[in-house]
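In what follows, a structure is listed as structure tokens, so that the remarks can point back to it.
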Amino acid sequence: MARKFFVGGNFKSNGTVASIKSIIEHLNNAKLNPNVEVAIAPPAIYLLLANEITRKDIAIAAQNIFDKGNGAYTGEISAEQLKDAGIHWVLIGHSERRALLGESDKFIASKTKAALAQGLSVILCIGESLEQREAGVTIDVVTSQLAAVAEEVSDWSKIVVAYEPVWAIGTGKVATTAQAQEVHAAIRAWLKENVSEKAAEETRILYGGSVTDKNSKELAQQPDVDGFLVGGASLKPAFVDIINSAA
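Below you can see the structure in the form of structure tokens.
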């Protein structure tokens, strides 16, 4: 079964009403490869605006949820609320939240379970630090992050895995195509051994980390790279070229 190429745009904590409208207008008018699934993740305050004005073949994703349901959780957004608002995707486990807010593998797994329970689709972010890369434990790190989710989740059909080496996020550094392919292949092998052959064959594994229109075409040619999770470049017109790089 061929895996449909997937490109996500993580706006992070960027944007205004005017700039979000401008970015979306550019996407709405662009000629996008119909064989690529696209999702954009604006800040929470702009989710409803984005969902209202974005063309329907582009999904809207939240950047985070809480693992509890509705209740006395000031400042949090529940999976139930996203579902009610017509937001069907959510990013979970981004390295910035792991590092800056101390989100543990267990907490990320719990949030993934909560999202799936409401029928949401998840972009599950994993990745190693520079220190871990230099220590030669990259595969151990990313598979332990996956293992935490596997303890809570058996059905991976609504999960897209995004491998984002922390040392390459926002730094301008990019894993070489060989480095990216090596880790992606190891992730797929781990899924086959620890989840199921079906999950290994069907789960899309994205690369993220300073992806631009300059490096996306070469990365897209790797057999286990099924798309991208794009940060800063998703705010720019070149995001369209990244989406179309799978051609």
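When we follow my numbering, the leftmost residue of the sequence shown carries the number 120, and every step to the right adds one.
A virtual CB, placed ideally from N, CA and C, is assigned to each residue, including glycine.
Hey, how far is the Cα of S132 from the Cα of N147?
-> Counting from 1 along the sequence shown, the entry for residue 132 is found at position 13. Counting from 1 along the sequence shown, the entry for residue 147 is found at position 28. Distance between the alpha carbons of S132 and N147 is about 22 Å.
Have a look at E253 and V260 and give me their C-alpha separation to the nearest angstrom.
-> Along the sequence shown, one-based indexing puts residue 253 at 134. Along the sequence shown, one-based indexing puts residue 260 at 141. For E253 and V260, the distance between alpha carbons rounds to 12 Å.
Could you tell me the distance, in whole angstroms, from the CA atom of E270 to the CA atom of A137?
-> As a position in the sequence shown, residue 270 is number 151, starting the count at 1. As a position in the sequence shown, residue 137 is number 18, starting the count at 1. Each residue's Cα considered, the two are about 42 Å apart.
With a cut-off of 8 Å on the beta carbons, I'd call G328 and A294 a contact; round off their distance for me.
-> The sequence position of residue 328 within the sequence shown is 209, counting from 1. The sequence position of residue 294 within the sequence shown is 175, counting from 1. Yes, they are in contact, since the Cβ atoms of G328 and A294 sit about 6 Å apart, within 8 Å.
Beta-carbon proximity of S102 to D186, cut-off 7 Å = Only positions 120 to 366 of the chain appear in the structure, and residue 102 is not among them; the question remains open.
Taking the beta strand (DSSP E) that W208 falls in, what are its first and last residues?
-> Reading the sequence shown from its first residue, position 89 is the one you call residue 208. Looking at the DSSP string, the run of the beta strand (DSSP E) that includes W208 is W208 to I211.
Collapsed DSSP secondary structure at A236 in the structure displayed = Mapped onto the sequence shown, residue 236 falls at position 117. In the structure shown, A236 sits in a helix (DSSP, three-state: H, G or I).
Look at the Cβ atom of V155, then the Cβ atom of I362, and state whether they are nearer than 7 Å.
-> In the sequence shown, counting from the first residue as 1, residue 155 sits at position 36. In the sequence shown, counting from the first residue as 1, residue 362 sits at position 243. Inclusion of V155 and I362 in the CB contact set at 7 Å is warranted, their separation being smaller than that value.
Who are the Cβ neighbours of T173 in its own chain at under 8 Å, not counting the five residues just before and after it?
-> Walking along the sequence shown from the start, residue 173 turns up at place 54. If we look at T173 and ignore the five residues flanking it on each side, its Cβ neighbours are I143, L146, N147, I159 and I179.
What residue range is occupied by the uninterrupted beta strand (DSSP E) comprising A158?
-> Position 39 of the sequence shown, counted from the first residue, corresponds to residue 158. Secondary structure note for A158: its beta strand (DSSP E) is the uninterrupted segment V155 to A160.
Quick one: measure Cβ to Cβ for G127 and V349, integer angstroms, because I've assumed they're closer than 8 Å.
-> As a first step, residue 127 must be located in the sequence shown, where it is residue number 8. As a first step, residue 349 must be located in the sequence shown, where it is residue number 230. Taking C-beta atoms under 8 Å as the contact rule, G127 and V349 qualify, at a distance of about 7 Å.
Can you tell me the Cα-Cα spacing of A267 and H207, whole angstroms?
-> Residue numbering aside, residue 267 sits at position 148 when the sequence shown is read from its first letter. Residue numbering aside, residue 207 sits at position 88 when the sequence shown is read from its first letter. Here the C-alpha atom of A267 lies approximately 23 Å from the C-alpha atom of H207.
For I196, does the three-state DSSP call read helix, strand or coil?
-> In the sequence shown, the residue the question calls residue 196 occupies position 77. DSSP places I196 in coil when its eight states are reduced to three.
Quickly, what does DSSP pair L325 with across the bridge? List them, please.
-> Working through the sequence shown from its first residue, we reach residue 325 at position 206. Beta-bridge pairing links L325 to A281.
Indicate whether T257 and E250 have their beta-carbon atoms separated by less than 7 Å.
-> Counting from 1 along the sequence shown, the entry for residue 257 is found at position 138. Counting from 1 along the sequence shown, the entry for residue 250 is found at position 131. No; because the gap between Cβ atoms is not below 7 Å, this pair is not in contact.
Examine the Cβ distances between the segment 313–333 and the segment 272–284 and report whether three or more of them are shorter than 8 Å.
-> Yes: at least three Cβ pairs fall under 8 Å.
Tell me which same chain residues have a C-beta within less than 7 Å of the C-beta of G346, skipping the five on either side of it?
-> In the sequence shown, residue 346 corresponds to position 227, counting from 1. Closer than 7 Å at the Cβ level, and outside the excluded window around G346, lie F124, F125, V126, R323 and L325.
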